[in-house]
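Numbering (this note's numbering), first residue to last: 19 to 353.
Report on the structure given below.
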Amino acid sequence: MYCFNTDAHTLKKIDRSVRPEVMRTVPRAAYRRRSFNRTETDGPATNTTSTVKPAPRKFHTGTTKYISLVPGVPKRHGGVDIFYFGGGDDTQCFNDAFLFNTRTHLFRKVADGASETRPAPRQGHVTINRGVYFYVHGGHNPFTGETFNDMWRFDTVSNKWSEVVYQTPQEAHPAAAYHDGCFCEREGYFLFYGGRYEDGTVCSQMTRFYPETTSWSPVPVFIYNKFTGQGMRVSLGRYGHKIMNGGKWVYILGGDNGDGQVTDMWVFSLSTGVMIRSCYYGVLLKGLSHHTTAFCDGRLYFFGGLNTSAERPEVVCEIRCIELPLSGTCMKEED
Numbered sequence: 019m020y021c022f023n024t025d026a027h028t029l030k031k032i033d034r035s036v037r038p039e040v041m042r043t044v045p046r047a048a049y050r051r052r053s054f055n056r057t058e059t060d061g062p063a064t065n066t067t068s069t070v071k072p073a074p075r076k077f078h079t080g081t082t083k084y085i086s087l088v089p090g091v092p093k094r095h096g097g098v099d100i101f102y103f104g105g106g107d108d109t110q111c112f113n114d115a116f117l118f119n120t121r122t123h124l125f126r127k128v129a130d131g132a133s134e135t136r137p138a139p140r141q142g143h144v145t146i147n148r149g150v151y152f153y154v155h156g157g158h159n160p161f162t163g164e165t166f167n168d169m170w171r172f173d174t175v176s177n178k179w180s181e182v183v184y185q186t187p188q189e190a191h192p193a194a195a196y197h198d199g200c201f202c203e204r205e206g207y208f209l210f211y212g213g214r215y216e217d218g219t220v221c222s223q224m225t226r227f228y229p230e231t232t233s234w235s236p237v238p239v240f241i242y243n244k245f246t247g248q249g250m251r252v253s254l255g256r257y258g259h260k261i262m263n264g265g266k267w268v269y270i271l272g273g274d275n276g277d278g279q280v281t282d283m284w285v286f287s288l289s290t291g292v293m294i295r296s297c298y299y300g301v302l303l304k305g306l307s308h309h310t311t312a313f314c315d316g317r318l319y320f321f322g323g324l325n326t327s328a329e330r331p332e333v334v335c336e337i338r339c340i341e342l343p344l345s346g347t348c349m350k351e352e353d
């Protein structure tokens with residue numbers, strides 16, 4: 019509703035005159051005035067004198083210590099830093115890493131010594147947080163032709179990189195790029211799925227990685243057959259998709275299956291290993307890959323992405339969301 023200044027003044031007077039008495043039963047929260055000139059001490063990125071800024075890039079990763087609340091997962095206090103790694107431009111790939119402090123809005127370059135060991139330059143990799151560590155897996159460098167299946171761990175306490183030595187390298191997720199993964203905290207492992215091989219074909223493998231033992235284990239994928247009531251072994255390859263951990267379920271969203279971009283969403287049961295096509299078929303309304311997703315307050319949010327299935331490839335800037343659990347509520351677009 020819009021009104022003129024005089025009307026607004028009158029409405030305020032009426033509102034004040036009829037306001038009921040309110041008895042406060044809970045003490046008012048103590049709010050602290052924050053100055054952007056002050057140095058925050060929560061988290062490792064406390065160097066507010068730095069003015070470093072990452073070079074423009076694409077297909078990099080930005081991962082936070084904060085883990086959204088999902089069913090069955092204990093509450094955890096989130097950090098203030100976003101770990102920013104890798105990516106590339108039109109001429110090169112990067113292997114630099116930064117911590118972006120969400121309170122001071124400053125970047126701090128980490129593990130920056132000339133003699134520091136670090137991952138090879140890459141893009142299309144996966145970054146997963148677990149405690150004080152950030153794990154980087156896979157990716158490729160289109161300028162050298164390399165595709166990786168290695169894993170590196172960055173320690174935010176010691177400010178050091180270290181390569182993860184696999185105990186079962188023969189079962190590791192294959193060398194691929196533009197795959198995705200998530201941390202299944204309750205189960206204690208990382209889950210990786212899909213990707214694109216060096217020859218351009220699509221990976222359909224799903225693999226568990228146990229960070230405590232640095233061991234891998236392949237995961238057979240089954241689709242629920244509504245006619246027989248049983249699981250049917252299938253191969254559903256894709257890349258450029260996203261995986262979200264929803265507690266007992268993992269949501270696989272969008273991507274490209276090698277024949278073109280897809281609009282479907284699959285729900286994978288961590289307990290049974292069965293994958294079910296979501297009732298929201300056409301959930302993205304258009305082919306979408308390389309998008310970003312987030313789980314918050316019982317909803318899945320979709321941010322942007324690339325649509326190459328249109329007559330002319332387009333970058334999508336819309337935000338869409340789904341309410342969870344999947345109970346028949348419909349897809350809607352956020353303003």
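All residues carry an ideal CB built from backbone N, CA and C; glycine is no exception.
Residue nearest to residue i in terms of C-alpha spacing, selected from the options
i    : options                : result
I100 : F112, D108, L124, D107 : L124
R256 : D282, V150, Y242       : D282
S180 : R204, R136, P74        : R136
V292 : G131, K266, G272       : K266
E161 : Q110, G272, G258, K71  : The sequence given here places Phe at residue 161; Glu does not occur at that position. Comparing Cα positions, the closest option is Q110.
P236 : P72, M169, T186        : T186
S296 : T290, N275, L271       : L271
T122 : G264, N243, V70        : V70
A194 : W284, V144, F208       : V144
Y207 : T232, D217, Y184       : T232
L209 : S133, F118, R148, I294 : R148
F77  : S133, D168, R140, S289 : R140
W234 : W284, N167, N119, E134 : N167
T120 : T81, S133, Y228, V182  : T81
Test item: CB-CB of residue i and residue j under 8 Å
i    : j    : result
G142 : Y196 : yes
V268 : I261 : yes
G104 : G163 : no
A138 : N159 : yes
V150 : V175 : yes
I146 : C202 : no
Y102 : P72  : yes
V276 : G212 : Note on residue identity: the sequence assigns Gly, not Val, to residue 276. Not a contact, by the Cβ cut-off of 8 Å.
V220 : N177 : no
F112 : R126 : no
For residue j and residue i, the rounded distance between their alpha carbons
i    : j    : result
M224 : P238 : 7 Å
G249 : I241 : 5 Å
P192 : H259 : 17 Å
S222 : F286 : 14 Å
E230 : N263 : 19 Å
H170 : F152 : Reading off the sequence, residue 170 comes out as Trp, not His. Rounded to the nearest angstrom, the two C-alpha atoms are 8 Å apart.
D108 : G218 : 19 Å
G131 : D198 : 29 Å
E205 : Q279 : 31 Å
D114 : T79  : 11 Å
W284 : L254 : 10 Å
D173 : K244 : 46 Å
Reduced DSSP category for residue i - H, G, I as helix; E, B as strand; rest coil
i    : result
E181 : strand
E216 : coil
P187 : helix
N119 : strand
T225 : strand
N113 : coil
A129 : coil
G249 : strand
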